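Below is one structure; the comments refer to it alone.
Residue numbers (the working numbering): 1385 to 1729.
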């Protein structure tokens, strides 16, 4: 588990069926969620490369008949053929490229590429919410034998339970930039955003940043603060979402009747090359795209959702195609079929 609450309470449902048999291996950014699961009697183990060999994490990974993942984990390469891997991807859609679609994968050595493909091939089943996401996985992971289940998104199942409503707080804005590998590149984008925010004192901006980003050395303007809680919990508080290439737009549009979205992409040309952007990103944007601070200020000041409503409807229909209140139950039933139905009644 590398993204907290991505399972939509699936872990707790599985624990009810397979009491004492669920082991959660989690990365550091999931510590708080892992602790809450542990309090409910679910065994959790930190999955950290530095301590991997001195914990029981690897032994559990090598012996588990069924494994859920929410990301690319190179450790999957050690699994045996009889082990089953189900991918619950950490996003409901994709704007940036990954796998073979990403620049860095195409330009790695043939030895590295073989290693990557070995991991992709370990993923047997994929839970998806749309034919578009299925096509992206098939293309980016070059999948031949994987099976896809159109059950919807567990991630959205969690979001829907929060009962996100509309808000009158149209002066509150969430800024959620996509993580960049280089810290200098990441900070360059963030600093440009902060500069624009400081020029708009009538708005209050919350920034939701990657856990590795530290802003200790930066004095934030009075109208800018850090959003510490889960990003979904901000949706009922904000009137606008500003992002760049983040898949959070798909989730935001799913639950907001009026999803006011702006794309702030000062590194658009560079990012489109590396790691790359999905080809249809520009075909029907759900909001204006700007590339510098001045454009952002103008776009936010003059924002109108009217010209984007048709695009928003189309995006929701295409990317949230299979969402259902039965999403979690369908996954549990799949687990029962895979494991032969040995569950506690």
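Just so it is clear, CB atoms sit at the ideal spot from N, CA and C, and this is done for glycine as well. Treat the numbers as computed from the prediction; the structure is a model and nothing was measured.
Within the model, the alpha-carbon separation for residue 1584 versus residue 1559 is close to 14 Å.
Under the DSSP assignment, residue 1436 falls outside any alpha helix (DSSP H); it carries neither an H nor an E label.
For the pair residue 1593 and residue 1724, the Cα-to-Cα distance works out to about 42 Å. Taking each of 1680, 1488, 1540 and 1554 in turn and checking the Cα distance to residue 1524, the smallest one comes out for 1488. In the three-state DSSP reduction, residue 1687 falls in the coil class, being neither helix nor strand. Beta-bridge partners of residue 1427 (DSSP): 1407.
Rounded to whole angstroms, the gap between the alpha carbons of residue 1599 and residue 1581 is 16 Å. Secondary structure at residue 1697: helix, using DSSP grouped into helix, strand and coil. Residue range 1624-1627 is occupied by the beta strand (DSSP E) that includes residue 1626, with no alpha helix (DSSP H) assigned at that position.
Approximately 14 Å separates the beta-carbon atoms of residue 1647 and residue 1664; this is outside 8 Å, ruling out the contact. DSSP lists 1557 and 1608 as the bridge partner or partners of residue 1589. Taking all protein chains shown into account, residue 1563 has fewer than 16 neighbouring C-beta atoms within 10 Å of its C-beta and is therefore exposed.
The stretch 1696-1715 makes contact with the stretch 1530-1546: 3 or more CB pairs, one atom from each, lie closer than 8 Å.
The DSSP assignment places 1515-1525 and 1538-1545 as complete runs of the alpha helix (DSSP H) inside the stretch 1498-1554, in order along the chain (cut-off: 4 residues).
DSSP, reduced to helix, strand and coil, places residue 1451 within a strand of the structure shown. By the beta-carbon neighbour count (other beta carbons within 10 angstroms, threshold 16), residue 1606 is exposed. Counting the other CB atoms within 10 Å of its CB gives residue 1480 a total of 16 or more, which places it among the buried residues. Rounded to the nearest angstrom, the Cβ distance from residue 1453 to residue 1509 is 11 Å, too far for a contact under 8 Å. Under the three-state reduction of DSSP, residue 1462 is assigned to helix.
DSSP places residue 1457 outside both helix and strand once states are collapsed to three, so it counts as coil.
Of all C-beta pairs linking the stretch 1629-1636 to the stretch 1560-1579, three or more are shorter than 8 Å, placing the two stretches in contact. Here residue 1602 carries a coil assignment [DSSP, helix/strand/coil]. Every beta strand (DSSP E) stretch that sits fully inside the stretch 1635-1695 and reaches 3 residues is listed by chain position as 1645-1648. Under DSSP, residue 1470 takes part in a beta bridge, and its partners are 1452 and 1509. When only Cα atoms are considered, residue 1714 and residue 1483 end up about 27 Å apart. If you check the CB distance, residue 1389 and residue 1542 come in under 9 Å. For residue 1390, there is no enclosing alpha helix (DSSP H), as DSSP marks it with neither H nor E. Taken atom to atom, the span from the alpha-carbon of residue 1638 to that of residue 1474 is near 16 Å.
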